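6 protein chains.
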Amino acid sequence: MTQIKQLAPQDDFVGFYLLRELAIKQTNGTPQKDYFDIVLGDSSGQLSAKFWDVTTTDKETFFPMALVKVQGTAHTYREKLQIKVSKMRLVIESDGVALTDFIRSAPIRPVDLIHTIKMVMASITDQEISTIVSFCVGKVEEKLMHYPAAKTHHHAYFAGLAYHMVRMLEIGEFLCKQRPFLNPDLMKAGIILHDIAKPEEMISQLGIVSEYSVHGKLIGHISMASNWITEAAIRSDIDLGSEKVLALQHLVLSHHNLGEWGSPVQPQTAEAVALHHIDAMDAKLQMVEDALDTTPETEEWTPFIRGLENKAVYRLKI
Amino acid sequence: MTQIKQLAPQDDFVGFYLLRELAIKQTNGTPQKDYFDIVLGDSSGQLSAKFWDVTTTDKETFFPMALVKVQGTAHTYREKLQIKVSKMRLVIESDGVALTDFIRSAPIRPVDLIHTIKMVMASITDQEISTIVSFCVGKVEEKLMHYPAAKTHHHAYFAGLAYHMVRMLEIGEFLCKQRPFLNPDLMKAGIILHDIAKPEEMISQLGIVSEYSVHGKLIGHISMASNWITEAAIRSDIDLGSEKVLALQHLVLSHHNLGEWGSPVQPQTAEAVALHHIDAMDAKLQMVEDALDTTPETEEWTPFIRGLENKAVYRLKI
Amino acid sequence: MTQIKQLAPQDDFVGFYLLRELAIKQTNGTPQKDYFDIVLGDSSGQLSAKFWDVTTTDKETFFPMALVKVQGTAHTYREKLQIKVSKMRLVIESDGVALTDFIRSAPIRPVDLIHTIKMVMASITDQEISTIVSFCVGKVEEKLMHYPAAKTHHHAYFAGLAYHMVRMLEIGEFLCKQRPFLNPDLMKAGIILHDIAKPEEMISQLGIVSEYSVHGKLIGHISMASNWITEAAIRSDIDLGSEKVLALQHLVLSHHNLGEWGSPVQPQTAEAVALHHIDAMDAKLQMVEDALDTTPETEEWTPFIRGLENKAVYRLKI
Amino acid sequence: MTQIKQLAPQDDFVGFYLLRELAIKQTNGTPQKDYFDIVLGDSSGQLSAKFWDVTTTDKETFFPMALVKVQGTAHTYREKLQIKVSKMRLVIESDGVALTDFIRSAPIRPVDLIHTIKMVMASITDQEISTIVSFCVGKVEEKLMHYPAAKTHHHAYFAGLAYHMVRMLEIGEFLCKQRPFLNPDLMKAGIILHDIAKPEEMISQLGIVSEYSVHGKLIGHISMASNWITEAAIRSDIDLGSEKVLALQHLVLSHHNLGEWGSPVQPQTAEAVALHHIDAMDAKLQMVEDALDTTPETEEWTPFIRGLENKAVYRLKI
Amino acid sequence: MTQIKQLAPQDDFVGFYLLRELAIKQTNGTPQKDYFDIVLGDSSGQLSAKFWDVTTTDKETFFPMALVKVQGTAHTYREKLQIKVSKMRLVIESDGVALTDFIRSAPIRPVDLIHTIKMVMASITDQEISTIVSFCVGKVEEKLMHYPAAKTHHHAYFAGLAYHMVRMLEIGEFLCKQRPFLNPDLMKAGIILHDIAKPEEMISQLGIVSEYSVHGKLIGHISMASNWITEAAIRSDIDLGSEKVLALQHLVLSHHNLGEWGSPVQPQTAEAVALHHIDAMDAKLQMVEDALDTTPETEEWTPFIRGLENKAVYRLKI
Amino acid sequence: MTQIKQLAPQDDFVGFYLLRELAIKQTNGTPQKDYFDIVLGDSSGQLSAKFWDVTTTDKETFFPMALVKVQGTAHTYREKLQIKVSKMRLVIESDGVALTDFIRSAPIRPVDLIHTIKMVMASITDQEISTIVSFCVGKVEEKLMHYPAAKTHHHAYFAGLAYHMVRMLEIGEFLCKQRPFLNPDLMKAGIILHDIAKPEEMISQLGIVSEYSVHGKLIGHISMASNWITEAAIRSDIDLGSEKVLALQHLVLSHHNLGEWGSPVQPQTAEAVALHHIDAMDAKLQMVEDALDTTPETEEWTPFIRGLENKAVYRLKI
């Protein structure tokens with residue numbers, strides 16, 4: 001079974017893959033013929049593919065996000081590797097393959113990530129903060145099992161958002177120990193709430209974001225989360241003007257640090273300053289780790305990474 | 001009775017003024033003596049003043065925002081006009097002067113401004129939009145009678161915020177007639193709500209903002225208004241996910257147009273684009289009008305105006 | 001008769017269209033064959049099209065900006081709708097169609113727009129201002145009947161420039177009533193003159209700008225208009241150093257507001273500040289209106305609009 | 001006779017100086033006394049000075065830009081050297097000193113600078129270019145004898161503008177030899193015309209700019225020069241649409257290189273690119289030379305220089 | 001004994017302080033009198049002070065950085081607290097006070113900080129990396145005992161630089177455990193070397209930076225450290241072209257992340273990305289901690305903090 | 001023999017060319033066929049070309065950077081000129097053509113450029129400066145014979161770097177004469193050293209840069225040259241802390257002027273300010289000259305030039 005990441009030019013191969021994208025197109029020339037313009041994926045990566053001379057049956061059989069068995073050849077087209085599909089059929093039960101085997105996932109199981117987040121929530125000592133966090137998490141709990149943290153920027157895979165939270169909670173715990181002037185309850189709540197509205201900002205299946213929602217574009221996850229905190233306080237009879245509601249909303253609103261990055265106010269509490277830096281550190285290091293992971297070991301340089309000033313990362317041989 | 005705006009170097013004068021600022025300071029030299037460092041104001045403007053050799057009684061008598069009768073001389077100090085106070089006493093009832101005569105005000109009476117706003121609110125045909133607008137206005141109704149629209153930037157005087165609203169409503173009405181694709185209900189609601197939380201963002205008396213509130217700094221008036229709309233919908237059982245709540249929140253959140261000016265999202269509905277331009281047009285033209293009004297007719301140039309790329313405005317002789 | 005805007009994938013259709021662009025190209029493969037790479041347009045929009053296997057006669061018959069009768073099929077190519085032309089002939093007299101039916105136009109007839117502009121010009125009371133405006137308008141009067149206001153940015157259609165002027169004159173009239181400190185003569189003159197050199201800055205036919213002129217690139221319409229005012233004053237014996245010439249040149253030179261947007265000086269008179277905001281408001285709202293108009297009613301979002309921070313506009317369902 | 005540049009703390013001195021600035025002020029304390037707040041200058045630099053306890057006669061005698069004989073002491077006040085004047089009288093004829101001895105001047109005599117400029121003008125071979133240059137120089141010829149090139153930025157002294165032109169003409173001559181694709185007539189004309197309207201942009205006496213003129217602020221020297229070229233062409237019957245007029249206007253309009261530096265168009269001819277770099281090179285190197293010249297030899301660092309990214313220049317000991 | 005931080009207006013007090021700054025100045029008025037313009041400091045903060053009517057003996061006795069016993073009064077001058085010194089004498093041995101008691105210091109003893117750094121250095125397993133780090137640390141070892149990390153930005157106190165290193169090493173150790181793809185040797189070396197040339201960039205005594213050195217201004221600590229690594233490799237016969245030298249130089253050169261912040265290259269290795277974020281996180285959080293620490297408990301807001309977008313930090317009451 | 005620059009659509013031609021790029025690709029359609037995607041170049045320019053239906057022998061015969069004899073046709077493809085190769089063979093000895101005839105070169109022979117540089121080096125009077133310059137030049141002497149000055153930005157051809165040096169040395173010599181306060185030794189050394197590490201920053205053959213080296217990306221030529229100066233001083237026992245080493249390193253480090261352009265420090269010596277402007281002037285004017293040279297005489301405009309604010313240059317007809 002050949003993994004996408006291992007394919008090289010001129011390889012003939014057979015394997016199971018996910019039809020991440022599928023479009024029916026026509027060739028130029030007379031007569032025009034239909035073909036499939038495809039993106040094939042598995043847990044190691046993805047590649048463009050063409051399936052020429054498709055039949056009417058083919059057009060009725062295959063659909064995006066279907067699992068397929070493919071026989072094909074890899075070749076270079078416009079300096080990129082591409083697949084020419086010679087045979088393709090839908091997966092059948094006896095193939096014994098499951099959808100979740102074919103998508104990129106966080107390295108920890110979603111159920112374990114959620115468990116960790118729940119444990120941290122349970123450790124919040126302040127009752128009102130705890131209530132607000134629970135209310136907001138409750139809004140997206142099911143989606144937290146699989147949503148990515150972003151469309152492409154970082155943690156863009158199955159359960160990426162929960163994974164981002166868990167790693168940030170680890171850094172937050174370390175920092176609260178190193179610097180006792182930070183309030184652990186606020187730190188935990190800030191980390192859990194800062195991106196909590198992302199599942200409503202983006203439309204995603206299997207860790208793949210197809211687009212932003214209307215609310216995502218017109219309100220944005222930062223203001224949505226701020227509104228949820230308001231709602232949580234009202235529904236639970238917590239004083240809207242209290243310092244706790246203020247502190248939580250400030251954490252969420254300021255976590256992008258600058259206006260041009262989407263934050264209407266800048267961090268002005270100790271925990272808000274910490275939250276921004278924990279978020280940035282985790283996001284950037286994960287970009288590096290993921291880029292190195294998905295680049296063949298033989299390559300010295302990863303592709304350019306937009307979130308790192310559009311620089312590539314060099315794989316040191318030390 | 002001499003107005004501040006009319007004073008010239010070497011003028012001896014007597015008049016009633018407001019002690020906009022008052023600080024007790026010490027002269028250098030031995031022995032140090034106490035004196036008052038004062039800002040005297042009336043409805044035409046304000047000036048720095050000194051009252052030398054103050055007595056213990058003086059220090060117990062005078063206080064900031066007191067009305068006083070002053071005898072003094074104007075002279076130039078470090079290229080600016082300054083007042084040397086020779087005599088000063090508190091205003092007494094028989095003087096027949098009222099505090100409100102001494103502050104800069106919108107050129108229309110607050111009661112009339114509020115009346116106009118109420119009329120426009122009554123003309124909103126959509127019931128849910130009307131309810132949300134009323135709820136938010138209700139939160140600051142009393143303050144709307146006197147709050148300025150900003151600390152110094154524009155409409156920085158008594159009832160400046162209500163005046164800003166009313167003038168914007170006039171422009172909005174014109175635009176809705178000129179361009180029927182704009183929804184008048186949303187336009188009215190957007191104009192009334194866009195700065196509705198400013199009275200909670202700033203701490204102000206008599207049209208003079210002394211500072212920003214803690215909520216103003218940590219949340220900002222834009223996110224506060226967004227939260228109020230959420231609260232209004234919950235309290236009135238309006239669907240939080242409805243297009244109307246979405247449209248109103250988007251209007252408020254986007255009205256500063258750019259992230260670096262404080263808006264977490266950019267205008268993406270027709271009315272939101274219109275709102276930003278109505279707001280900018282009214283604010284900038286009012287800066288010009290106010291600068292020309294408070295600059296002596298004999299001056300060709302107004303002072304530099306921060307909101308106009310820090311340029312002065314030239315008074316054309318046409 | 002099928003309008004461009006109404007075509008959907010797999011539609012077979014017959015209709016009259018304008019050959020907005022036409023290029024002869026060669027297919028890859030051996031032997032190479034000639035084909036037409038076409039842009040077909042009508043008043044509702046435009047689409048790419050291919051006409052395969054063209055003959056020598058075809059190459060002699062068809063030319064850009066010709067009106068043609070087309071039989072074809074719509075299909076999707078690289079995620080965009082495209083037309084495959086199966087038959088095409090030039091329009092003949094008996095078809096009863098006119099060129100002007102096939103281009104996008106301002107919603108008001110050019111002759112009416114020019115009439116309105118002339119009426120406003122006649123209402124300028126100052127004789128020297130009136131003379132200068134007339135001289136400058138005289139330079140481009142014929143082109144004002146059909147020139148767009150910009151290449152793609154806004155009002156990019158037949159008579160778009162005159163339409164932009166007329167709508168701005170409406171806003172200007174309203175503002176002069178609302179704020180009597182604005183001088184109506186200068187306001188009218190500023191609006192008419194601010195883009196008056198655009199017809200010399202761009203090369204355009206039928207509302208379609210093909211490119212910028214050499215003078216447009218090396219001088220720009222702002223400095224060209226400033227030079228025209230100089231010329232007008234000299235030719236009419238108006239004092240070059242007068243406050244009126246100064247005011248008009250300042251209006252033109254400053255109307256883009258900032259150096260990075262092309263204005264060598266920033267607005268520093270009341271009317272110049274107003275002009276910039278009238279211009280911005282009309283341009284941006286027209287972008288929104290045109291984008292909504294040319295996007296199918298069934299689409300929630302317009303395409304991205306460069307002049308609106310590259311955002312799309314959402315069509316509210318309220 | 002002590003030069004300003006040579007004064008050190010605690011020096012008692014007598015000398016002739018120029019009263020570059022003179023303001024009558026009052027001391028704090030009771031009774032207030034009048035004193036003179038003065039800036040004393042000579043050709044080597046300038047210093048703040050105080051003349052305490054001035055009499056009514058003093059106030060009638062002394063005026064800004066008067067030449068005076070001063071007896072005084074230098075001392076340090078707020079970390080800067082300052083002068084305390086003990087005696088002061090107006091210069092009398094028998095003192096044998098002349099105003100021009102007391103101002104900073106270009107190191108070459110104005111008459112020689114003008115001579116050089118005239119020689120270069122005479123060497124322009126194209127008749128129309130020569131005519132336009134002569135017309136524009138004619139507008140400011142008298143002022144060219146003494147105007148500085150800028151208020152403070154660079155060449156801010158007597159005849160600084162003419163000196164800037166002459167040095168640029170030297171660089172231009174060298175470059176035209178090194179790179180024959182540059183047109184010497186355009187190069188010469190561009191250098192002479194690029195700042196030709198500066199004497200109308202600024203109000204200056206004896207090389208000291210007191211402020212910008214109204215035309216300078218509302219039009220700017222770049223657009224003024226462009227208008228002069230238009231006027232020159234009209235008055236001399238040169239075709240306004242000719243390539244020569246175009247080339248000269250482009251040189252002037254683009255010489256600041258970027259919109260944010262005041263140029264409405266960017267350099268797009270070979271000579272325009274050269275002109276910008278000749279201008280920048282001469283201005284920046286002159287800033288360095290002047291800063292080193294007016295800083296005591298014993299100082300390692302010059303003051304901060306605004307035009308050099310606000311850096312100081314280090315005096316290498318090599 | 002009154003601490004600077006505890007003084008309030010009108011307090012009379014006696015105490016020991018450090019003369020952080022001392023300048024002899026003259027009063028205005030006749031006759032001018034000498035006085036001392038002073039900055040008094042202790043470990044809790046610093047304040048401006050005046051000592052009027054100083055004698056010749058006073059001027060010979062006192063000097064900057066001297067320890068003094070002061071009797072004085074606190075009062076408000078220009079809205080800031082200031083001290084009027086009534087009596088002052090130099091500290092004598094029997095006072096039993098030591099210079100180091102009067103300066104702000106890192107909360108851990110320098111000797112312990114150096115010990116920790118040495119332990120980490122000893123734990124670097126790669127011999128060549130270890131050698132280079134030792135060579136560079138050797139250059140400034142003595143200064144590392146007391147140098148601050150910056151002039152005012154962050155860790156601006158005695159041994160601030162070593163403290164910054166130690167805290168970063170703690171974060172680095174945590175991150176290497178959390179993310180095993182990071183190389184611990186490079187991480188340790190990068191943290192120790194990134195600011196290692198700061199003691200040569202700044203001139204400092206007792207944790208107070210008086211100015212930048214000539215090398216600091218013309219080369220900068222980043223390039224100085226890069227040159228030291230070159231020198232270390234040459235002196236120890238380590239291959240200048242090796243991946244290890246490359247990795248260390250890249251860590252140092254890129255740690256400011258962006259060109260406008262002084263880094264000639266951007267982070268392009270995993271450890272370089274981590275180093276930048278560890279540095280930023282420690283610096284910003286220390287700014288917050290120090291600002292909260294040196295602001296009286298009764299104040300809600302710290303002063304504005306330049307390194308935090310010039311925002312103040314709010315002291316939450318949770 | 002047809003030069004690339006002279007080809008027009010529909011031209012049939014025969015000629016010798018360099019295979020600057022060669023890739024084997026497959027056609028779409030069934031069966032897929034191999035073809036060559038080629039870039040053909042000569043000293044006048046370069047063009048894309050296709051060679052259809054290549055055989056196995058062809059694939060073994062041709063390689064990038066081979067010289068070939070080609071028979072082909074020029075045609076327009078996607079609005080750009082392209083070549084269809086009908087016959088192609090490798091050059092044989094009897095053809096009498098040499099590789100160096102087919103690449104773009106500096107207009108002066110490399111050997112003469114190097115000679116000039118050596119003469120200037122010999123004229124440096126200071127022994128230590130001379131030694132350091134020689135050491136650094138020695139590191140890349142062989143590459144200086146052919147390296148370009150940049151990948152595409154400017155002087156991107158055979159010996160472009162040496163040509164850039166020589167022209168800058170001419171400007172530098174002129175400036176040192178015009179302004180005697182500039183030190184000629186430092187000026188010469190700065191010009192020779194400023195880009196001296198570029199041959200190690202880029203990987204280049206025959207004046208064509210294929211990519212940046214790992215050291216080039218992680219260290220950059222500016223810091224590499226600074227390190228080389230350190231190495232030179234150590235190897236030659238020159239005091240690392242001396243003013244000469246400082247001056248040379250500052251020249252190299254600051255020559256890009258701003259942090260965002262890659263300089264960690266800004267120019268702060270007279271020669272460093274001069275160096276930056278000499279570098280900019282030569283680079284920009286060479287871009288203009290080269291663009292005009294390689295654009296057909298019949299074209300009014302050159303292509304857009306990235307280094308000139310992405311503007312095209314207009315070819316004046318004067």
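Residue numbers (full-length UniProt numbering), protein chains in the order written: chain Y, 1 to 318; chain L, 1 to 318; chain H, 1 to 318; chain X, 1 to 318; chain P, 1 to 318; chain W, 1 to 318. Beta carbons: idealized from backbone N, C-alpha and C, even for Gly. All values derive from a computational prediction rather than experimental measurement.
query	result
For glycine 259(P) and valine 313(H), the rounded distance between their alpha carbons	36 Å
Coarse secondary structure for arginine 315(H), derived from DSSP in three states	coil
Residues sharing a beta bridge with threonine 204(Y), DSSP	Looking at the sequence shown, residue 204(Y) is not threonine but serine. DSSP output for serine 204(Y) lists Val209(Y) as bridge partner(s).
Beta-carbon proximity of phenylalanine 181(P) to leucine 316(Y), cut-off 8 Å	no
Limits of the alpha helix (DSSP H) - the one that histidine 115(P) falls within	110 to 122
Glycine 220(W) versus glycine 190(L): straight-line alpha-carbon distance, rounded	53 Å
Paired residues, beta bridge with arginine 89(P) - DSSP	Lys69(P)
Cα-Cα separation between glutamine 3(P) and isoleucine 92(P), rounded to whole angstroms	20 Å
Inter-residue spacing [alpha-carbon to alpha-carbon] between serine 226(W) and asparagine 227(Y)	54 Å
Within chain X, the residues that arginine 306(W) reaches when beta carbons sit closer than 8 Å	The premise fails here: arginine 306(W) is roughly 13 Å from chain X at the closest Cβ pair, so nothing lies under 8 Å.
Assigned secondary structure, alanine 150(Y) (DSSP; H/G/I helix, E/B strand, else coil)	coil
Burial state of phenylalanine 63(P) (16 or more Cβ within 10 Å)	exposed
Minimum Cβ-Cβ distance from threonine 55(H) to chain Y less than 8 Å	no
Three-state class that DSSP yields for valine 54(H) in the structure shown	coil
Sequence ranges, beta strand (DSSP E) only - wholly within the UniProt domain "HD/PDEase" (157 to 293) of chain W, length at least 3	202 to 205, 208 to 212
Whether tyrosine 17(Y) touches valine 68(Y) by CB criterion (8 Å)	yes
The segment 245 to 257 of chain Y contacting the segment 205 to 219 of chain L, beta-carbon criterion three pairs below 8 Å	yes
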